[in-house]
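Q: Read in order, the letters of the sequence shown correspond to residues -21 to -1, 1 to 357 in mature numbering (1 follows the signal peptide of the UniProt record, and there is no 0).
Positions of the beta carbon are idealized from the N, C-alpha and C atoms, including for glycine.
Take a look at the following structure, please.
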Amino acid sequence: MRTRRTLVAVGAGLTLLFATACGPPPPPPGTSRTDAAGPAARAESAADLGGLAELVAAAEKEGTLNVIALPPDWADYGGMIAGFEAKYGVKVHSTQPDASSQDQINAARQLKGQNRAPDVFDLGSNVALANTALFAPYRTAAWKDVPDRLKDPKGRWTSDYTGYLSIGYDASKVPAPVTMNDLLGPAYKGKVALNGDPTQASAGFHGVAAASVANGGSADDLAPGVEFFRKLKARGNLIPVDPTPATIASGQTPVVLDWDYLNVAQTAALKGKVDWKAAIPEHAVVGAYYFQAINKDAPHPAAARLWQEYLYSAEGQNTWLRGYARPVLSDVMRRNGTIDKAAFAKLPKASGTPVVLTEPELKAGQDYLQTHWRKAVN
């Protein structure tokens, strides 16, 4: 799922992917898409339509929801889609499940006014924050419970789930790592893979951030992280293989730095075949949230809003949790008793305060790696 985790991607070829897309023409001159789509497209909460029951009725009348870049095995989006369809009878059309965040934005622009345009987005933070003009303000019933720092005050985007950078490892081949610096030891020679180029991939980038935090750096100082990986390569421990489920199963990548929800998913998938485990390194808890948003030109505006209500309900949040992701409302749900305790217990334990990079820190870190990563590591 390389493209799904890309930090910055070019949507080359997207026109070809959607060349056969068809649908109604754009609204007449002087008429906005929002006006043409009716009250659902202008609703900033379910209350604006008269309540949740009225929103459900409007979504059922539309009958369709278009999503893009939602792999079924990523944070259990397969279960999320199935649950939504079963509950509301709205058919979900899922396009290009392995597309990137930028591909979602490109699709919205290129398919504007067509029935196949994406209704909703699930975006990496840097792409989301660069494209807020494309989002429709909407606040779900649970919006007030999302911490202020994890949502747009205007309601244009809301954080949905996160993962922590983790060390996945084959316990039959290497000792259990506790810290990032354990990976510098001789037991890991020729065994450590980083999930993606840190100048392009979110998991790779946050792997460098975690190594930096573990070695005296911080969210806005990635130099120690780059030095860590320089040492890791110099000692022969870092291997130039982009890990996949196949490389893990074959033993080609016995140690993988990746999001915990992906490493834990591998633990379940390989049970009885590979003794795969996942650990969040001590003193280096680094996370990154994805953002939910509604396309302001959504062809199915009521279904788009109902999808958001479902995602932020206990049912939706627990679905992400069962996919080993950490939903944004997990703390609230633990307090009110609605969290799936068995699913929560399966997550790797994290010690310390998580570090979540801000947009300026992400930008500064990307700029730093563009200049220093290849010189030090490649």
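#1: To the nearest angstrom, report how far apart Gln296 and Gly215 are at their CA atoms.
#2: Given a cut-off of 9 Å on the beta-carbon distance, is the pair Ser330 and Val243 in contact?
#3: Between Lys70 and the rest of its own chain, which residues show a CB-CB distance below 8 Å, the 5 nearest in sequence each way excluded?
#4: Does the Cβ of Glu288 have 16 or more other Cβ atoms within 10 Å, making it buried, or fewer, making it exposed?
#5: Which same chain residues end up closer than 6 Å to Gly344 when comparing Cβ atoms and leaving out the 5 residues on each side of it in sequence?
#6: Would you list the residues sitting across from Phe270 in a DSSP beta bridge?
#7: Report all residues from its chain with a CB closer than 8 Å to the CB of Lys342; omit the five preceding and five following residues, and keep chain order.
#8: Suppose the cutoff is 7 Å on Cβ atoms and the five residues either side in sequence are ignored; what does the same chain contact list for Asp199 look like?
#9: Quick check on the DSSP output: the alpha helix (DSSP H) that includes Lys275 runs from which residue to which?
#10: Measuring CB to CB, does Tyr148 end up less than 9 Å from Gly134?
#11: Which residue from Ser292, Leu241 and Ala322 puts its Cα closest to that of Gly142?
#12: Are the segment 97 to 104 and the segment 122 to 134 in contact at 8 Å, needing three or more beta carbon pairs?
#13: Would a C-beta distance cut-off of 9 Å place Ala107 and Ala272 closer than the cut-off?
#14: For the alpha helix (DSSP H) containing Val192, name the first residue and the last one.
#15: Relative to the C-alpha of Ala228, which candidate in Ala182, Lys252 and Val220 has its C-alpha closest?
#16: Could you tell me which of Ser151, Ala36, Ile146 and Gly58 sits nearest to Val234, measuring between CA atoms?
#17: Taking the alpha carbon of Ala355 as the reference point, which residue from Tyr167, Ala150, Leu217 and Asn85 has its own alpha carbon closest?
#18: Tell me which residues share the same chain as Thr158 and place their Cβ nearer than 8 Å to its Cβ, disregarding the 5 neighbours each side in the sequence.
#19: May I have the straight-line CA-CA distance separating Ile47 from Pro165, to the nearest angstrom?
#20: For Val187 and Lys250, what's the separation of their Cα atoms in angstroms?
#21: Out of Tyr167, Leu34 and Ala189, state which residue places its alpha-carbon closest to the alpha-carbon of Ala120.
#22: Anyone know if the C-beta pair for Pro177 and Trp352 falls short of 9 Å?
#23: If we cut at 9 Å on Cβ distances, does Gly302 have a partner in chain D?
#24: Tell me the start and end of each unbroken beta strand (DSSP E) in the segment 110 to 156 that is at least 3 residues and wholly inside, in chain order.
#25: Could you tell me which of Val311, Gly204 and Trp53 sits nearest to Ala248, measuring between CA atoms?
#26: Tell me which same chain residues have a C-beta within less than 6 Å of the C-beta of Ala182, skipping the five on either side of it?
#27: With 16 other CB atoms within 10 Å as the buried threshold, where does Pro154 fall?
#28: What's the C-alpha gap between Tyr347 and Ala283?
#29: Are the beta-carbon atoms of Tyr140 and Pro306 separated by less than 9 Å?
#30: From the DSSP output, in three-state form, read off Trp255 for me.
#31: For Pro7, which residues of its own chain have a beta-carbon under 6 Å away from its beta-carbon, when the five flanking residues on both sides are left out?
A: Result, derived from the coordinates:
#1: Counting from 1 along the sequence shown, the entry for residue 296 is found at position 317. Counting from 1 along the sequence shown, the entry for residue 215 is found at position 236. Between the C-alpha atoms of Gln296 and Gly215 there is a straight-line separation of about 41 Å.
#2: On the sequence shown, position 351 is the one that residue 330 refers to. On the sequence shown, position 264 is the one that residue 243 refers to. Result no, Cβ atoms of Ser330 and Val243 do not sit closer than 9 Å.
#3: Looking up residue 70 in the sequence shown gives position 91. Cβ within range, chain order: Gly42, Thr43, Leu44 and Glu64.
#4: For the purposes of this step, residue 288 is taken as the residue at position 309 of the sequence shown. Here Glu288 is buried, its C-beta having at least 16 other C-beta atoms within 10 Å.
#5: For this step, residue 344 is matched to residue 365 along the sequence shown. Leu201, listed in sequence order.
#6: Translated into positions along the sequence shown, residue 270 becomes position 291. In the DSSP output, where bridge partners are listed per residue, Phe270 has Leu102 and Ser138.
#7: The residue labelled residue 342 in the question sits at position 363 within the sequence shown. In the same chain as Lys342, and ignoring 5 residues on each side of it, the C-beta atoms closer than 8 Å to its own belong to Asn105, in chain order.
#8: Taking the first residue of the sequence shown as position 1, residue 199 is located at position 220. Answer for Asp199: Glu340 and Ala343, listed in chain order.
#9: Sequence index remark: in the sequence shown, residue 275 carries index 296 (1-based). That residue, Lys275, is in no alpha helix (DSSP H); it is neither H nor E in DSSP.
#10: The sequence position of residue 148 within the sequence shown is 169, counting from 1. The sequence position of residue 134 within the sequence shown is 155, counting from 1. Not in contact: Tyr148 and Gly134 (Cβ atoms no closer than 9 Å).
#11: For the purposes of this step, residue 142 is identified with residue 163 of the sequence shown, where counting begins at 1. Taking only the C-alpha atoms, the option nearest Gly142 is Leu241.
#12: Remark: fewer than three beta-carbon pairs, one from each stretch, lie closer than 8 Å, so the segment 97 to 104 and the segment 122 to 134 are not flagged as touching.
#13: Looking up residue 107 in the sequence shown gives position 128. Looking up residue 272 in the sequence shown gives position 293. It is a contact, given that the beta carbons lie within the stated cut-off.
#14: Start at 1 with the first residue of the sequence shown, and residue 192 comes out as number 213. First-last of the alpha helix (DSSP H) with Val192: Ser181 to Ala193.
#15: As a working mapping, residue 228 is identified with position 249 in the sequence shown. When the alpha-carbon of Ala228 is set against those of Ala182, Lys252 and Val220, the nearest one is in Lys252.
#16: Residue numbering aside, residue 234 sits at position 255 when the sequence shown is read from its first letter. Residue Ile146 is the option with its Cα nearest to Val234.
#17: As a first step, residue 355 is located in the sequence shown; it is residue number 376 there, counting from the start. Ranking the options by Cα distance to Ala355, first place goes to Leu217.
#18: Taking the sequence shown and counting its residues from 1, one reaches residue 158 at position 179. Non-local C-beta neighbours of Thr158 in its own chain, meaning closer than 8 Å and more than five positions away in sequence, comprise Ala193, Pro260, Glu261, His262 and Ala263, ordered along the chain.
#19: Taking the first residue of the sequence shown as 1, we reach residue 47 at position 68. Taking the first residue of the sequence shown as 1, we reach residue 165 at position 186. For Ile47 and Pro165, the distance between alpha carbons rounds to 43 Å.
#20: Here residue 187 is taken as the residue at index 208 of the sequence shown, counted from 1. Here residue 250 is taken as the residue at index 271 of the sequence shown, counted from 1. Straight-line spacing of the CA atoms in Val187 and Lys250 works out to 29 Å.
#21: Counting from one through the sequence shown, the residue named residue 120 turns up at place 141. Ranking Tyr167, Leu34 and Ala189 by Cα distance to Ala120 puts Leu34 first.
#22: On the sequence shown, position 198 is the one that residue 177 refers to. On the sequence shown, position 373 is the one that residue 352 refers to. Contact: yes.
#23: Chain labels in this structure do not include chain D; a single protein chain is all it has.
#24: Under the rule that a run must span 3 or more residues, the beta strand (DSSP E) segments found entirely inside the segment 110 to 156 read 137 to 149.
#25: Position 269 of the sequence shown holds residue 248. Ala248 has its Cα closest to that of Trp53, out of Val311, Gly204 and Trp53.
#26: As a working mapping, residue 182 is identified with position 203 in the sequence shown. If we look at Ala182 and ignore the five residues flanking it on each side, its Cβ neighbours are Arg(-17), Asn174, Gly175, Asp237 and Trp238.
#27: For the purposes of this step, residue 154 is identified with residue 175 of the sequence shown, where counting begins at 1. Counting the other Cβ atoms within 10 Å of the Cβ of Pro154 gives fewer than 16, which makes it exposed.
#28: As a working note, residue 347 is residue 368 in the sequence shown. As a working note, residue 283 is residue 304 in the sequence shown. Each residue's CA atom was taken as its position, placing Tyr347 and Ala283 some 37 Å apart.
#29: Stepping through the sequence shown from its first residue, residue 140 is reached at position 161. Stepping through the sequence shown from its first residue, residue 306 is reached at position 327. Yes. Within cutoff.
#30: Position 276 of the sequence shown holds residue 255. In the three-state reduction of the DSSP assignment, Trp255 falls in the strand class, which pools E and B.
#31: What you label residue 7 is simply residue 28 of the sequence shown in a count that begins at 1. Residue confidence for Pro7 is low, a pLDDT of 38 falling below 50, so the modelled location carries little weight and cannot support an answer.
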